[in-house]
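Chemist: Going line by line, the protein sequences match chains A and B.
Heads up: the first sequence begins at 101 in our numbering, then just goes up one per residue.
Heads up: the second sequence begins at 2 in our numbering, then just goes up one per residue.
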Amino acid sequence: MIASQIRSLWLVFKHLFRRNVTVQYPDQKPYLAPRYRGRIILTRDPNGDERCVACNLCAVACPPDCISLQKTEDPDGRWRPAYFRINFSRCIMCGLCEDACPTYAIQLTPDFEMCEYDRQNMVYEKEDLLIDGPGKYHDYSFYQVAGKAIRGKGKGEAQNEAEPIDIKSLNL
Amino acid sequence: MSTPLWITLLNIFGVLIATVLLAAVLTWGERRLLGFWQDRPGPNRVGPFGTLQVVADMIKLFFKEDFIPRFADIPVFVLAPTVVMATMLIAFAVVPMSPSIGVADLNIGLLFVLAMSSIAVYSIILGGYASNNKYALLGSLRAAAQTVSYEVFMGLSLMGVVMLSGSFNLRDIVDAQAGYWFILPQFLGFIVFFIAGIAESRRTPFDLPEAEHELTAGFHTEYSGMKFGMFFVGEYLAVILISALITTLFLGGWHGPWLPPIVWFCLKTAFLVALFILLRASLPRPRYDQLMKFGWKVMLPLSLVNLLATAGILLWIA
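(1) Between Gly195/A and Pro264/A, what straight-line distance do the alpha-carbon atoms span, to the nearest angstrom?
(2) Rounding to the nearest angstrom, what Cα-Cα distance links Leu216/B and Gln170/A in this structure?
(3) Per DSSP, Glu225/A is paired with what?
(4) Can you say whether Gln54/B is buried or exposed, counting buried as having 16 or more other CB atoms within 10 angstroms of its CB?
(5) Would DSSP call Gln128/A helix, strand or coil?
(6) Rounded C-beta distance between Pro210/B and Ile125/B? I'm assuming under 8 Å.
(7) I'd like to know whether the C-beta atoms of Thr222/B and Ala146/B end up nearer to each other than 8 Å.
(8) CB-CB under 8 Å to Ala282/B, same chain, minus the five flanking residues each way: which ones, in chain order?
(9) Measuring CA to CA, which of Gly219/B, Ser132/B and Ala200/B is closest to Leu292/B?
(10) To which residues does DSSP link Thr172/A through a beta bridge?
(11) Compute the beta-carbon to beta-carbon distance between Pro100/B and Trp255/B, rounded to the nearest angstrom, for a pair I have assumed lies under 8 Å.
(12) When you compare the CB positions of Pro202/A and Cys155/A, do they come within less than 8 Å of one another, or not?
(13) Thinking Cys152/A and Ala205/A are a contact (beta carbons under 8 Å), I'd like their distance in whole angstroms, please.
(14) On the CB-based measure, 16 or more other CB atoms within 10 Å of its CB, does Asn45/B come out buried or exposed?
(15) Anything in chain A within Cβ reach of Asp40/B, meaning under 7 Å, just list it in chain order.
(16) For Ser225/B versus Lys61/B, is the C-beta distance shorter than 8 Å?
(17) Starting from Ser283/B, find everything on chain A with Cβ-Cβ shorter than 7 Å and list it in chain order.
(18) Can you tell which of Tyr237/A, Ile192/A and Thr143/A has its C-alpha closest to the C-alpha of Phe184/A?
(19) Roughly how many angstroms separate the alpha carbons of Val77/B and Met231/B, rounded to a whole number?
(20) Can you tell me which of Glu152/B, Ser141/B, Leu157/B and Phe251/B puts its alpha carbon nearest to the alpha carbon of Leu1/B?
(21) What separation, rounded to the nearest whole angstrom, lies between the Cα atoms of Leu22/B and Val84/B?
(22) Can you tell me which of Gly190/B, Leu273/B and Gly30/B puts its alpha carbon nearest to the alpha carbon of Leu242/B?
(23) Using 8 Å for Cβ pairs, my map puts Ala249/A next to Lys255/A. What's the rounded Cβ distance?
(24) Would you check if the distance between the CB atom of Lys228/B and the CB atom of Asp106/B is smaller than 8 Å?
(25) Return no unless some Cβ of chain B is closer than 8 Å to the Cβ of Gln128/A.
(26) Mind listing, in chain order, the continuous alpha helix (DSSP H) runs of no fewer than 4 residues lying wholly within the region 35-88 of chain B?
(27) Return the bridge partner residues of Glu150/A from the DSSP annotation.
(28) Please report the straight-line C-alpha distance between Leu289/B and Thr248/B, rounded to a whole angstrom.
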């Protein structure tokens, strides 16, 4: 019994010469992986249009229900959110919204320094969330691969999309 | 008394201020050392290497609400923390730090120190009792039982030293160690006294009176502000006192080559204080019955054997 006590004393003493594991945070930033799950952003497609099509899948996937949005439709046929609101005082940075998003619009970034003195300031609106670039996916443009017709891109004009077939002409 | 008054006063206030300041600095030193032993830096942000952490803690403690519960026994509640600090400071009076430093030259210095460190337990018992809180009372009951058990062989373990030096005077005991340190012939006594000293100052692994897992904070559950601070300073004073006593009794006091006496004394004491902190960093707390069993069934017989053997050998030689 005594030997094990003395051994543990020695083992603890040896730690005096070990390197500290502490990252002295405000002076010394920790390494955050590029796909670290931090502050949420809304990205744009390569043409600079909003990627978000207001499908609400992120809001459905969100475990703490911190995403709120409303769909609107542009005259050119594109869908977009009228408002898009994330309450970061609820958000748990789980990334499920990013997984659920069919258009790569919502993405998480390696930034977690978003403290506020006023709780209301934790609620981010669409203007706060939108960035100018495409985020992690540089070439992806939802309307260019989807079948939905918008002004300037009719049915069958998307990438890898065949011309639409009139089934009545098939004489089935 | 042939020494001039101002030297005596300088001695008194020097020792008083130095010990209180050291106890305060030890709150930082302990956390820092614990940090290093746990692979983290510890408090390092206030001032150079975090040394001003002490000042920050003091300011915080002074500005805390000095809360006294309505159900407490108020006069006892207020007085209890002063007892531990006062007795520990008084006990330092007889510790000789160098040939010229040391407040009192008592013929029964050793007994005086033992008495004072025993009185310190009143502080905890009264504090726990006056808090009128079941956790506090449980903590102080444990403190009482622990102190009664460990005091017995704490005194007995020192009798070997007294027999070797033939005096209760701490200064004579140090002088008797000019040739060799008493840790060599009294190694068993040293071990027993060291363990009893940890129990006496209620440090981990013998901090059952304030076992935070079981008793929230034990006897000082209801204390806040500077009253709590005094309990803490008292604990650190006890650590320094026990270390200084071990230095005086077993490690040859101020004796040592090359360096001036006071430096040797401080070095030895600092080493022992670090050992106290290392014990805290590495050892778990025993169960209460294990503590009692260890005290009565292991340490007491050990100290009695040590006493008898030392006495027998001394008689044989003489």
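No residue lacks a Cβ here, since even glycine has one placed at the ideal position from N, Cα and C.
Modeler: Answer, in terms of the structure:
(1) 36 Å
(2) 54 Å
(3) For Glu225/A, which the question treats as bridged, DSSP gives no partner whatsoever.
(4) buried
(5) coil
(6) 6 Å
(7) no
(8) Leu34, Leu35, Trp38 and Gln39
(9) Ala200/B
(10) Arg180/A
(11) 7 Å
(12) yes
(13) 4 Å
(14) buried
(15) His115, Arg118, Asn120 and Val121
(16) no
(17) Ser108, Leu109 and Val112
(18) Thr143/A
(19) 15 Å
(20) The shown model of chain B, from 2 to 319, leaves out residue 1/B, and the question about it has no answer.
(21) 18 Å
(22) Leu273/B
(23) 5 Å
(24) no
(25) no
(26) 54-64
(27) Arg144/A
(28) For the sequence presented, residue 289/B should be read as Tyr rather than Leu. Rounded to the nearest angstrom, the two C-alpha atoms are 29 Å apart.
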